[in-house]
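Student: The following block contains the structure, expressed as structure tokens.
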Amino acid sequence: MADHDLNSNSLPENQAPNADGNSASENESDVSIDSLAKQVQESLSLAKRHKFWETQPVGQFKDLGDSSLPEGPIEPASPLSEVKQEPYNLPSPYEWITCDMESTEMCTEVYNLLSNNYVEDDENMFRFNYSKEFLHWALCPPGHYKSWHIGVRVKSSKKLVAFITGVPARLRVRDSIVQMAEINFLCVHKKLRTKRLAPVMIKEVTRRVHLEDIWQAAYTAGVVLPTPISTCQYWHRSLNPKKLIDVGFSRLGARMTMSRTIKLYKLPESTVTPGFRKMELRDVPAVTRLLRNYLMQFLVAPDLDETDVEHWLLPKEDVVDSFLVECPETHKITDFCSFYTLPSSILGNANHSILKAAYSYYNVSTKTPLLQLINDALIVAKQKDYDVFNALDVMQNESFLKELKFGPGDGKLHYYLYNYRLKHVLRPSELGLVLL
Ligand SMILES: CC(C)(COP(=O)(O)OP(=O)(O)OC[C@H]1O[C@@H](n2cnc3c(N)ncnc32)[C@H](O)[C@@H]1OP(=O)(O)O)[C@@H](O)C(=O)NCCC(=O)NCCS
1 MADHDLNSNS LPENQAPNAD GNSASENESD VSIDSLAKQV QESLSLAKRH KFWETQPVGQ
61 FKDLGDSSLP EGPIEPASPL SEVKQEPYNL PSPYEWITCD MESTEMCTEV YNLLSNNYVE
121 DDENMFRFNY SKEFLHWALC PPGHYKSWHI GVRVKSSKKL VAFITGVPAR LRVRDSIVQM
181 AEINFLCVHK KLRTKRLAPV MIKEVTRRVH LEDIWQAAYT AGVVLPTPIS TCQYWHRSLN
241 PKKLIDVGFS RLGARMTMSR TIKLYKLPES TVTPGFRKME LRDVPAVTRL LRNYLMQFLV
301 APDLDETDVE HWLLPKEDVV DSFLVECPET HKITDFCSFY TLPSSILGNA NHSILKAAYS
361 YYNVSTKTPL LQLINDALIV AKQKDYDVFN ALDVMQNESF LKELKFGPGD GKLHYYLYNY
421 RLKHVLRPSE LGLVLL
């Protein structure tokens, strides 16, 4: 599947699972030599790069593998009186604004900036199209700070040209619960790129996070920066293979016809697990218990309470979908699965303008095998007309990806912590965190 990851900066691979569910690629060796060359090139020039990130309290490349360095905060918290009180300077045509994401007008402005300027795949065929409802959900969780929703406007025209956000989260790193900011939606208008505005945005959000006495952050990026705590991969499960092929998201596998491909990805009309149903408000306590218990096994995971679960996991139309298995006899909640909705704009296709994608979120299996649970999630996503179901190789996802006919995407997603060092790079399966 030549699946175009919107978080990647590498070339697509021609990897359509064939009828055996294996990857078939005629130019696999070329691709791997290319990517190896790229990696070598990258690592050779790494030392000279990152003029900004080298100045920040993040793991530095030179310290990779140095296990004498302690785990935990890189710099101690400062007294609040020592935090810079004024915003960082912007070039004079621009001004800072705090975005009120509860206002529909502001949400629309942010939506317009992102839908025209946010993440694209390397070939500029697709661009993330987070909905306004999604943005409101992602940015206004319990305890959010309005001051962490930061925009930059052109003073004269008032046009919004840059954006960055944080939301508060408690993350557990091994045994420590750490208050953090989850940083997301960094975006600079296409016409203002490569002018070093991004470092100013990052410093300003950091300052505002510090003002709330929070000193750590978590973020993900498709680009390599100093230094990933883990590097994950997106996998894609075709639900509407014809459309995916028509729009260039995936390619017909070697020796495959369209009708064989459609047959390969066909799913049952309805879910198979007895007691499988949509999550409701009354399920929040049981789901919280299930999830908290499940997430304990990962080295880095969110520390979720009932308020968090209600916000992040209670179904919200076209934003987040959650299902659980209630044992028909005991009425015990035994399993849980969820996905969020993140469509992409299809750029320059005459027949289709939107790719409807579901992204695997948090899943817990205690009784229903994970494979069967996710297969039911695929069935629901198909019923709801999603074109593709995406999943990272985090948590226990590796155990179902190949078997459920997901194909690997073409890029990586790197996870980062700000001002927190880990002794070792984590395997994706040690990560219990999904950022939006
Ligand atoms: C990401 C984006 C804001 C960077 O802006 P830019 O104009 O390209 O880059 P600037 O000249 O302002 O800044 C470059 C610095 O920002 C860093 N940077 C670039 N992308 C970054 C990211 N996603 N996260 C953190 N830092 C990033 C660069 O590494 C560089 O710092 P360095 O010299 O220490 O390496 C811009 O390219 C953009 O809006 N892209 C589309 C949306 C996107 O990809 N957002 C990030 C999602 S994770």
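First residue of the sequence shown? That's 1 in the UniProt record's numbering, and the numbers climb one at a time after it. For glycine and all other residues, C-beta sits at the position ideal for the given N, C-alpha and C.
1) Assuming P226 and H414 make a contact with CB atoms under 8 angstroms, what is their CB distance in whole Å?
2) Take K158 as the anchor and find which of I183, E120 and P93 has the nearest alpha-carbon.
3) Using 8 angstroms as the threshold, is the region 308-322 in touch with the region 337-351, meaning 3 or more CB pairs across them?
4) Within its chain, find whatever has a CB closer than 6 angstroms to the CB of H189; leave out the 5 residues flanking it on each side and keep chain order.
5) For T341, does the three-state DSSP call read helix, strand or coil?
6) What separation, rounded to the nearest whole angstrom, lies between the Cα atoms of Q60 and K316?
7) Check whether the Cβ of G222 sits closer than 7 angstroms to any heavy atom of ligand 1, and report yes or no.
8) How should P241 be labelled, buried or exposed, when 16 other C-beta atoms within 10 angstroms of its C-beta is the threshold for buried?
9) Pull up the distance between the alpha-carbon of T368 and that of M106, whole angstroms please.
10) Under 8 angstroms, with one C-beta from each stretch per pair, do the region 240-259 and the region 414-429 reach the 3-pair mark?
11) Indicate the three-state DSSP secondary structure (helix, strand or coil) for N124 in the structure shown.
12) Please classify A254: is it buried, with 16 or more other beta-carbons within 10 angstroms of its beta-carbon, or exposed?
13) Indicate the three-state DSSP secondary structure (helix, strand or coil) for R421 in the structure shown.
14) Could you tell me whether any non-hydrogen atom of ligand 1 is closer than 7 angstroms to the CB of H50?
15) Give a yes or no on whether the minimum CB-CB distance between P274 and chain B is below 8 angstroms.
16) Look at the Cβ atom of L186, then the Cβ atom of A169, and state whether they are nearer than 8 angstroms.
17) Give the list of continuous beta strand (DSSP E) stretches no shorter than 3 residues that lie fully inside the region 175-209.
18) Pull up the DSSP beta-bridge partners for S238, would you.
19) Given the structure, does A254 come close to ligand 1, in the sense that its CB is under 7 angstroms from one of the ligand's heavy atoms?
20) By how many angstroms is the C-alpha of V152 removed from the C-alpha of L114?
21) Thinking C-alpha only, which one of S238, P285, L211 and D376 is nearest K263?
22) Does the Cβ-Cβ distance between A138 and Y416 come in under 8 angstroms?
23) Compute the Euclidean distance between the alpha carbons of V40 and V224, then round it to the nearest angstrom.
24) Only counting the same chain, and skipping five residues up and downstream in sequence, which positions put a Cβ closer than 7 angstroms to that of L370?
25) List the whole-angstrom C-beta distance separating K155 from Y265, where the pair is believed to meet the contact cut-off of C-beta under 8 angstroms.
26) Along the chain, where does the alpha helix (DSSP H) that runs through D376 open and close?
27) Between L233 and P408, how many whole angstroms is the CB-CB distance? I'm expecting something under 8 angstroms.
28) Measuring only from the beta carbon, is V110 closer than 7 angstroms to any heavy atom that is part of ligand 1?
29) Does DSSP put C107 in a helix, a strand or coil?
30) Which residue's Cα is closest to the Cα of H210: L281, L295, K84 and T273?
31) If you draw a straight line from the alpha carbon of A381 to that of R260, how long is it in whole angstroms?
32) Mapping the DSSP letters down to three states, classify K38 as helix, strand or coil.
33) So, using beta-carbon positions, are F126 and L6 closer together than 8 angstroms?
34) At the level of alpha carbons, what is the spacing between N349 and E269?
35) Apart from the five residues on each side of it in sequence, which residues of its chain come closer than 8 angstroms, Cβ to Cβ, to V287?
36) Using only alpha-carbon positions, find the residue among N375, E306 and I150 that is nearest to R282.
Tutor: Result, derived from the coordinates:
1) 10 angstroms between Cβ atoms; not a contact.
2) P93
3) Segments in contact, yes.
4) N117 and V161
5) strand
6) 40 angstroms
7) Checking the Cβ of G222 against ligand 1 gives yes.
8) buried
9) If you take the alpha carbons of T368 and M106, they lie about 43 angstroms apart.
10) No, the region 240-259 does not touch the region 414-429.
11) coil
12) exposed
13) When secondary structure is reduced to three states using DSSP, R421 falls in the strand class.
14) yes
15) Within the model displayed, chain B is absent; a lone protein chain is all it includes.
16) Not a contact, by the Cβ cut-off of 8 angstroms.
17) With a minimum length of 3 residues, the continuous beta strand (DSSP E) runs that stay inside the region 175-209 are 176-188.
18) Note: S238 sits in a beta bridge opposite V388.
19) no
20) So the alpha carbons of these two residues sit roughly 13 angstroms apart.
21) S238
22) no
23) At V40, the pLDDT of 43 sits below 50, so the modelled position is not reliable; the number obtained from the coordinates is stated separately. One C-alpha to the other measures close to 13 angstroms.
24) Once the five neighbours on either side are set aside, the close Cβ partners of L370 are N363, Q396, S399 and F400.
25) Contact doesn't hold; Cβ gap of about 51 angstroms is too wide.
26) Looking at the DSSP string, the run of the alpha helix (DSSP H) that includes D376 is L370 to Q383.
27) The displayed chain sequence assigns Gln, not Leu, to residue 233. The Cβ separation is near 6 angstroms, so the contact holds.
28) no
29) helix
30) Considering only alpha carbons, the answer is K84.
31) 21 angstroms
32) At K38 the pLDDT is 44, less than 50, meaning the model places this residue with poor confidence and gives no usable figure here.
33) yes
34) 30 angstroms
35) These residues qualify, in order along the chain: M279, V309, L313, S322, L324, I333 and F336.
36) Ranking N375, E306 and I150 by Cα distance to R282 puts E306 first.
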